[in-house]
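Numbering (our numbering), first residue to last: 364 to 1000.
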């Protein structure tokens, strides 16, 4: 009978592995109020509902209901047994596990398990790395050197060499206590004509790692002309621990920078990842033996905290050849799965990033990323290139083909903007007609305004088909919308305790209010004389109502009586109101920062140096101001 892990060891593993640190290796987490949140790794979502409570050592997703402690997280994410999960976490913090009650059977209990396969890959990787420095591996070292990678670069990315001969690795692993069935299952060995043989022979190798940094497979490059396998690259076959649709080369090195910068650069090959990192682009990753797909997107979204509130950027960097452009179009098909903005960067003269670095240096690689263009723009322009836009027939056909493409954009404001740009690219004088076609293709009313659908006119059933006059004005916002909470709280403060809201509220610009209803109410408060008008209570409410649209007058009284969302056990209204107003200002400054960053992305630090440095100076100043506002705004949480 298999042995059991001592309860004291399990408790020690739980105590020494901070749950937010462990989960943070898989999911980008940020503190929101008293909670630590991120995008759930167990189901797709746009808004974070995955909560971690470090003080309790637990996690729970309010979207899919999955929850537990740090051990159950590793079990579910890595598809491990309880024992394997405990062992993985024990190894992470150096806890020695002792099994009880199993006798000699405990030695056999884990044959063929994921932990054993990971251990086999760890030993295999060490074996391959050591062989890279041997005389037999000279061709592999030459391959790396010719592409600008020295011994330090090879070591940093874990490069190795699979030796000649049929079963050197297999014998090495058998000598370390593994069984053939385990090696077959792990994909390190396979059945040959005369017995077991190694999976790879005479090839340069890169380790393929999962998020936690464990080696789960290898990518092997052909470097000898007499290699009987003609394929340039051969990867580990799929196994219980290696799913190529979920593994990204370089993710173990890039994950922290991806989370910090909210940026991911997707390239096509292992050497491209190396070139990017060595050139100063540490957010680069590549798929392993398969096209970049939905599972890869899920991995990056969780690392970037790619939600509706904070949008980062994903940059696809493909070769400039026809195959690379086709890959870019494939990436375009997945664009809408990201909340982040997606871009494409294609190197000149058909070069890949590795060749670009060799030819023009590190600066050229960084500049390639800096010169990226929106993926939608690339896709539309590439489609337009297939048509003769000098002829009326060509323009009509181009509009017919590209309208459905632009209609795929979920953001209606962005969709309308691209429709207007399309009009210019086509040379189509009637911009309104292009807008109409795109909106119809998107299932939107042809005369709808961007970002706002026309509300249907309600009809009194007692009036039959007679239309009922409905006062015009903005629609009412959802009072539970967390993205609008600060705007609602600020207006409540101005109406309920104007003396505390004071001149800070009156100085808020219209841009601080992103919903039309809250903007109209804010303008009504200012039109009534602002918080310093000397009115309060019912008098202020009445005055504000007179200056706002009829449809919103009931909201004025609603906000006058709705309690402020003070933190638990807090009665400091002044500190809370100051925090709300600071946080609202911080949101506005955050959008201004995003705009400057967007402008920086559209210009080159090389050709537009003065403008770039001026904008960068503004960015630094705004980020410092933003930091101060966010600190003050913590009182509103």
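From the three backbone atoms N, C-alpha and C, an ideal C-beta is built for every residue, glycine too.
Does residue i pass the burial test, meaning 16 or more other C-beta atoms within 10 Å, or should it be called exposed?
{"i": "residue 805", "result": "buried"}
{"i": "residue 539", "result": "exposed"}
{"i": "residue 485", "result": "exposed"}
{"i": "residue 945", "result": "buried"}
{"i": "residue 438", "result": "buried"}
{"i": "residue 441", "result": "buried"}
{"i": "residue 943", "result": "buried"}
{"i": "residue 505", "result": "exposed"}
{"i": "residue 498", "result": "exposed"}
Are residue i and residue j closer than 7 Å when you measure CB to CB?
{"i": "residue 745", "j": "residue 708", "result": "no"}
{"i": "residue 628", "j": "residue 646", "result": "yes"}
{"i": "residue 788", "j": "residue 797", "result": "no"}
{"i": "residue 598", "j": "residue 652", "result": "yes"}
{"i": "residue 452", "j": "residue 380", "result": "yes"}
{"i": "residue 911", "j": "residue 875", "result": "no"}
{"i": "residue 839", "j": "residue 782", "result": "no"}
{"i": "residue 956", "j": "residue 978", "result": "no"}
{"i": "residue 858", "j": "residue 922", "result": "yes"}
{"i": "residue 463", "j": "residue 367", "result": "yes"}
{"i": "residue 948", "j": "residue 992", "result": "yes"}
{"i": "residue 562", "j": "residue 553", "result": "yes"}
{"i": "residue 458", "j": "residue 376", "result": "yes"}
{"i": "residue 536", "j": "residue 483", "result": "yes"}
{"i": "residue 728", "j": "residue 766", "result": "no"}
{"i": "residue 588", "j": "residue 460", "result": "no"}
If distances are taken between C-alpha atoms only, which option among the options comes closest to residue i?
{"i": "residue 863", "options": "516, 555 and 939", "result": "939"}
{"i": "residue 578", "options": "654, 570 and 585", "result": "570"}
{"i": "residue 779", "options": "484, 759, 803 and 758", "result": "803"}
{"i": "residue 455", "options": "442, 433, 462 and 422", "result": "433"}
{"i": "residue 534", "options": "632, 560 and 729", "result": "560"}
{"i": "residue 526", "options": "374, 500 and 954", "result": "500"}
{"i": "residue 621", "options": "677, 897 and 524", "result": "677"}
{"i": "residue 479", "options": "931, 463, 551 and 860", "result": "551"}
{"i": "residue 953", "options": "983, 926 and 972", "result": "983"}
{"i": "residue 492", "options": "518, 502, 511 and 483", "result": "518"}
{"i": "residue 522", "options": "706, 509, 776 and 503", "result": "503"}
{"i": "residue 607", "options": "641, 659 and 618", "result": "659"}
{"i": "residue 616", "options": "636, 723 and 600", "result": "636"}
{"i": "residue 444", "options": "774, 748, 558 and 603", "result": "603"}
{"i": "residue 496", "options": "483, 515 and 509", "result": "515"}
{"i": "residue 642", "options": "768, 726 and 588", "result": "726"}
{"i": "residue 990", "options": "964, 966 and 951", "result": "951"}
{"i": "residue 520", "options": "614, 738, 712 and 667", "result": "614"}
{"i": "residue 421", "options": "774, 386 and 667", "result": "386"}
{"i": "residue 941", "options": "913, 885, 856 and 969", "result": "856"}
Rounded to whole angstroms, how far is the Cβ of residue i from the Cβ of residue j, which I believe are closer than 8 Å?
{"i": "residue 413", "j": "residue 390", "result": "7 Å"}
{"i": "residue 648", "j": "residue 612", "result": "6 Å"}
{"i": "residue 717", "j": "residue 594", "result": "About 19 Å; that fails the 8 Å criterion."}
{"i": "residue 567", "j": "residue 581", "result": "That belief does not hold up - the Cβ atoms of residue 567 and residue 581 are roughly 10 Å apart, past 8 Å."}
{"i": "residue 680", "j": "residue 759", "result": "That pair is no contact at about 34 Å."}
{"i": "residue 417", "j": "residue 383", "result": "4 Å"}
{"i": "residue 511", "j": "residue 851", "result": "Contact doesn't hold; Cβ gap of about 56 Å is too wide."}
Quick check: the Cα distance between residue i and residue j, rounded to an integer number of angstroms?
{"i": "residue 869", "j": "residue 893", "result": "6 Å"}
{"i": "residue 740", "j": "residue 906", "result": "49 Å"}
{"i": "residue 715", "j": "residue 733", "result": "16 Å"}
{"i": "residue 920", "j": "residue 900", "result": "10 Å"}
{"i": "residue 513", "j": "residue 575", "result": "26 Å"}
{"i": "residue 489", "j": "residue 786", "result": "58 Å"}
{"i": "residue 962", "j": "residue 975", "result": "9 Å"}
{"i": "residue 819", "j": "residue 656", "result": "At residue 819, the pLDDT of 42 sits below 50, so the modelled position is not reliable; the number obtained from the coordinates is stated separately. The alpha-carbon atoms of residue 819 and residue 656 are separated by roughly 39 Å."}
{"i": "residue 626", "j": "residue 665", "result": "12 Å"}
{"i": "residue 401", "j": "residue 430", "result": "14 Å"}
{"i": "residue 530", "j": "residue 435", "result": "38 Å"}
{"i": "residue 762", "j": "residue 878", "result": "33 Å"}
{"i": "residue 634", "j": "residue 843", "result": "49 Å"}
{"i": "residue 867", "j": "residue 917", "result": "25 Å"}
{"i": "residue 468", "j": "residue 564", "result": "Its pLDDT being 42, under 50, residue 468 is placed unreliably in this model, and the value from its coordinates should be taken loosely. Using only the alpha carbons, I get a separation of about 36 Å."}
{"i": "residue 730", "j": "residue 624", "result": "17 Å"}
{"i": "residue 369", "j": "residue 545", "result": "27 Å"}
{"i": "residue 926", "j": "residue 419", "result": "30 Å"}
{"i": "residue 583", "j": "residue 524", "result": "9 Å"}
{"i": "residue 891", "j": "residue 860", "result": "15 Å"}
{"i": "residue 592", "j": "residue 586", "result": "11 Å"}
{"i": "residue 768", "j": "residue 407", "result": "24 Å"}
{"i": "residue 471", "j": "residue 654", "result": "With a pLDDT of 43 at residue 471, under the threshold of 50, the modelled position of that residue is not reliable, and the figure given next carries that caveat. In a straight line, the C-alpha of residue 471 is about 39 Å away from that of residue 654."}
{"i": "residue 747", "j": "residue 528", "result": "54 Å"}
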